[in-house]
Amino acid sequence: MRECDTKRSAGPPSIIRDELAKAGKDEDYKPSPCRGRKRRHTRNGGDNGNRVEVDAVEVEGISSGPRRTAPVKRGSRYGEVSFGHVPRGIRERGKYVNPSKWIGYAGGTSEIPSRTIISWLVEVRVIGESDMVKYLNKGREWRTLEGKISNGGIVCGCCQRTVTVHEFELHAGGDTKKPYSHIVLQKTGMSLLQSQVQAWNQMVAPNVEDFHFVKPQPTDGDPYDDACMICADGGTLLCCTKCPSTFHLSCVGLEVEPQGDWLCPHCICKYCGASGDSQELFTCAQCMKKYHYGCSYTNDQPLDLNVSPDAFCGEDCKALNAKLERLNGEEIRLPDGYSWTLLRRMDMKHRGYGEDCHKSALCNSKLAVTWSILDECFEPIQDRHTKINVMKNVIFHCSSNFMRINFFGFYTAILEKDDEIISAACIRFHGPNFAEMPFIATARRHRQKGMCRKLLFALDLALFNLGIEKLMIPSAPERVPIWKKKFSFQPVDDDLKRVLTKTNSLMFCSSVRLQKDITRKNSTERDQAANRESSLRGPSSFPTMIFQKEPETTRTEESTRPTFHFNLNVPGPEGGIPINAE
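Just so you know, the numbering used here puts the end of the sequence shown at 1639, numbered straight through with nothing missing.
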């Protein structure tokens, strides 16, 4: 674990001194009227003090009010809590611990249980290992085929093999494509679909908040954040007048402190740069940027005041959102029996057990399994102010009025085979400009097999068909050469830096932002390697109903074929290394 170079101020910490002053035991100490507590000067990174620098870029439309100095936070570089993400087991007494040797699995990775919905139901004790099941057809008649829950699947009564729920349905003579609704526990009569709903409502839903409302307490002398929204580092920060967000002057393209009230890019219209109250500014349901209703219309589109404001800031975000909604929960086949799915948490209230419930329960159950995979791969990531679990809120796309922990819009892409979730990546789409991917990992039993490479291969094609231009990741400094050499990532260019100043993206202290151009042509070798997996481009891999593109005349690069960057036949260097692993 890295040690922070911390300079501690003399005397007790400022928070303690505040309490002493209230009690009358420290008459000399007076808290600062603008900050309320003293900051410690720290330096992030290792011994060389590496930290992320974002070049100065110009931000349009920064509004100002009366001529007075904007609030500036004279703080230290943020270093109280490390956001470097290290796989579990690596930090134990400074020694590497092989995941296959973890407590509970003495036989290596082959004995690590598979991550399926059934294994999750057993883990949360909604169903039991060795419970007997039967198949119930559409006419509510019992089939003669019986089975037994075992090892994340079902031991089929006809062949005595452990099969998936889909195979069990085929063995029973059914073909409903909804096996969880027709496989019933003998002892309770409850279907596996009902078991998923019960497990979600009892074990997951109570621990997931849709919206985190953060309100500064009267005892908090400093309502502002202590890290820059763009680079996640501390120092001298410029405070927004309207929200708790803070920024470095260089990160928002300013050379001197603005005079008067200063509003950050998240509190002004994305088009005109003017401010407004909550009734004047709307929030786009896709890119989460503020906009005026009138500004969202183009010059050739008449403004109709009789029509209620749309939930999107423009046609690009509206079209992208429609594609993502159709793609959500749809399983897309890949070669060699693999498949990948894009997931986002669905509301299961008042859905009964019909068509919508089946899709919602399946989607939410897979997210619960994915959460267990990522939780075993990363050290807990807790927000320093609200104490929420950052990764859990990213997976379940929880929102907040506190911009830094507003994870609305996150999707989770998973790679599956035989009902087992192998790899997972969290991704958020910021309109057609770019998408961010802060987390990616592989289940322990499938590491060092190139599974992340397979998932990234599928995501590369999906992003192209969705019209996304760039994929951005925050990488640990020591992982940058791997991402550059093996996955064709490069440092972010000036155009993306300019976009990032006005975008809420998840960033970690000491991380380095990298990007990959989705539409750019690459070397002939990479094209030839991708052509060996040409079946990924066929219509059976990606439903045309989901990715059908509207005719476009403005973008010329999208007319070319997508370029694939990954050779699926060669295991990757990190079969499941997280992006931010140290």
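Don't be surprised by glycine CBs; every beta carbon is placed ideally from N, CA and C.
Reduced DSSP secondary structure (H/G/I, E/B, other) of residue i
i, result
"Ile1211", "strand"
"Ser1480", "strand"
"Arg1485", "strand"
"Met1382", "According to the sequence as given, residue 1382 is Glu; it is not Met. Three-state DSSP puts Glu1382 in a helix."
"Lys1347", "strand"
"Arg1441", "coil"
"Ser1353", "helix"
"Asp1393", "helix"
"Arg1402", "coil"
"Glu1203", "strand"
"Tyr1192", "strand"
"Arg1502", "helix"
"Glu1337", "coil"
"Glu1388", "strand"
"Ile1539", "helix"
"Val1222", "helix"
"Ala1519", "helix"
"Tyr1468", "strand"
"Asp1327", "Looking at the sequence shown, residue 1327 is not Asp but Lys. If DSSP states are grouped into helix, strand and coil, Lys1327 belongs with coil."
"Ile1452", "helix"
Beta carbon of residue i nearer than 8 Å to that of residue j
i, j, result
"His1349", "Gly1333", "yes"
"Lys1191", "Gln1251", "no"
"Lys1474", "Gly1386", "no"
"Phe1496", "Val1451", "yes"
"Cys1344", "Cys1321", "no"
"Ser1422", "Gln1255", "no"
"Lys1347", "Cys1374", "no"
"Phe1544", "Leu1513", "yes"
"Asp1476", "Thr1173", "yes"
"Ser1302", "Asp1282", "yes"
Minimum C-alpha distance to residue i - residue among the options
i, options, result
"Glu1180", "Val1220, Cys1215, Val1261", "Val1261"
"Leu1306", "Ile1174, Cys1285, Val1569, Asp1318", "Cys1285"
"Tyr1468", "Met1494, Trp1257, Lys1347, Val1265", "Met1494"
"Ser1457", "His1269, His1228, Tyr1237, Ile1240", "His1269"
"Ile1389", "Lys1416, Ala1515, Lys1347", "Ala1515"
"Thr1293", "Glu1226, Gln1547, Phe1304, Leu1202", "Phe1304"
"Met1189", "Trp1177, Val1212, Thr1298", "Val1212"
"Ser1187", "Pro1315, Leu1178, Ile1206", "Ile1206"
"Asn1378", "Gly1466, Gly1231, Lys1347, Gly1214", "Gly1466"
"Trp1428", "Leu1202, Pro1531, His1454", "His1454"
"Ile1575", "Asp1551, Ser1567, Leu1520, Ser1532", "Leu1520"
"Ser1238", "Ser1171, His1415, Arg1402", "His1415"
"Arg1485", "Cys1216, Leu1563, Val1271", "Leu1563"
"Lys1554", "Gln1217, Cys1308, Ser1171, Ala1342", "Cys1308"
"Gln1572", "Gln1547, Cys1483, His1228, Leu1557", "Gln1547"
Cα-Cα separation, residue i to residue j
i, j, result
"Gly1507", "Ile1539", "14 Å"
"Arg1502", "Ser1396", "18 Å"
"Leu1528", "Thr1245", "47 Å"
"Ile1438", "Val1447", "6 Å"
"Cys1326", "Leu1311", "19 Å"
"Leu1381", "Pro1489", "12 Å"
"Val1569", "Val1537", "8 Å"
"Ala1289", "Thr1560", "13 Å"
"Leu1249", "Val1241", "6 Å"
"Gly1231", "Gly1204", "15 Å"
"Leu1399", "Pro1315", "43 Å"
"Arg1461", "Pro1531", "15 Å"
"Ile1296", "Glu1433", "Looking at the sequence provided, one finds Cys at residue 1296 rather than Ile. Roughly 37 Å between the two C-alpha positions."
"Gly1371", "Ser1353", "6 Å"
"Tyr1328", "Arg1401", "29 Å"
"Phe1464", "Glu1337", "24 Å"
"Ile1634", "Thr1499", "Model confidence at Ile1634 stands at a pLDDT of 36, short of 50, so the residue's coordinates are unreliable; what they give is reported in the following sentence. Distance between the alpha carbons of Ile1634 and Thr1499: 7 Å."
"Thr1601", "Asp1279", "Per-residue confidence for Thr1601 stands at a pLDDT of 29, beneath the threshold of 50, marking its modelled position as unreliable; the derived number appears in the next sentence. Their Cα atoms are separated by approximately 52 Å."
"Cys1215", "Asn1208", "18 Å"
"Ile1287", "Phe1491", "16 Å"
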